[in-house]
Every structure is written in structure tokens, then in C-alpha cells.
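Read the structure below first, then the notes.
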Amino acid sequence: QVQLVESGGGWVQPGGSLRLSCAASGFTFSGYAMSWYRQAPGKERELVATVTAGGVSTNYADSVKGRFTIVRDNAKNTVYLQMDSPKPEDTAVYYCKLRKRGVDYWGKGTLVTVSS
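Residue 18 is where the sequence shown starts when you use the numbering used here, and the numbers rise one by one after that.
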């Protein structure tokens, strides 16, 4: 049974830093790309970043490029989102997502609030 559990959210000041984690279980983690999405109040869920199965290639939304970094540790079955220099508009619930055989699996999310 696939499980994705996000953690690390909270309050952070603009210009600070925060690291989100997503612990995965129930599937061969090293065999699949992983993604982070976010959903701000009143807005649709949007893709933030993706990392390939081996961790070599990454892709980012233009809005976070140069500030956020997605990395994975296949030995720990965990994917991270390092948030540097966050802005108030980054405030959202952040979710990790797996697509496996055409089915999307989501965690329950972790709330990030960026404010002074």
C-alpha cells in the first residue's frame, strides 16, 4: 500500500529557509519520479518541482526556479523540498505526489506559511 507522509511545514519569514520531507513506503521508491505540488487558499493545485527516479534530473515551476531545490535520498525512501528565500506568495499546503502505472498517489500535505 502506497503511503506518502509529508513533514517539515510551518511558519517561516520571507528570505528564510525551510526544508520539507516526504517519507514514502509501499512501493519501490527508487524506480519512480517524485513531485512536489502546492495549493494556496482559493487557488488550484500546481506543480512545484519534479525529480527523476535516479535523482539526476529535476524540473521546476518558473515561480520557484533558483529558490527551491528538490532532492531525493533513495536509501531513505525520502524526497525533500529545500525552500530558500521564500516569499509570502509561497504560502500553501505542499503535497508530494507519485504517479505509478497511471495512478496518482498523494500525501495529506504540510502547511507552509511565509510571513513577517
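From the three backbone atoms N, C-alpha and C, an ideal C-beta is built for every residue, glycine too. No experiment lies behind these values; they were computed from the predicted model shown.
Taking the CA atoms as reference points, residue 61 sits about 15 Å from residue 123. With a threshold of 16 other beta carbon atoms within 10 Å, residue 52 meets it and is buried. Take the alpha-carbon of residue 58 and the one of residue 29: they are about 17 Å apart. No residue range can be given for residue 119, since it is assigned to no beta strand (DSSP E) and is classified by DSSP as neither H nor E. Exclusion of the five residues before and after residue 100 leaves 35, 85 as the residues of its chain whose Cβ lies within less than 6 Å of its Cβ. Taking 7 Å as the cut-off, the beta carbon of residue 38 is found closer than this to the beta carbon of residue 25.
When the beta-carbon positions are compared, residue 94 and residue 46 come within less than 7 Å of each other. Put simply, the backbone Cα of residue 121 is about 14 Å away from that of residue 43. By the neighbour-count criterion, in which a residue is buried when 16 or more other Cβ atoms sit within 10 angstroms of its Cβ, residue 115 is buried. Distance between residue 117 and residue 107, taken at the CA atoms: about 27 Å.
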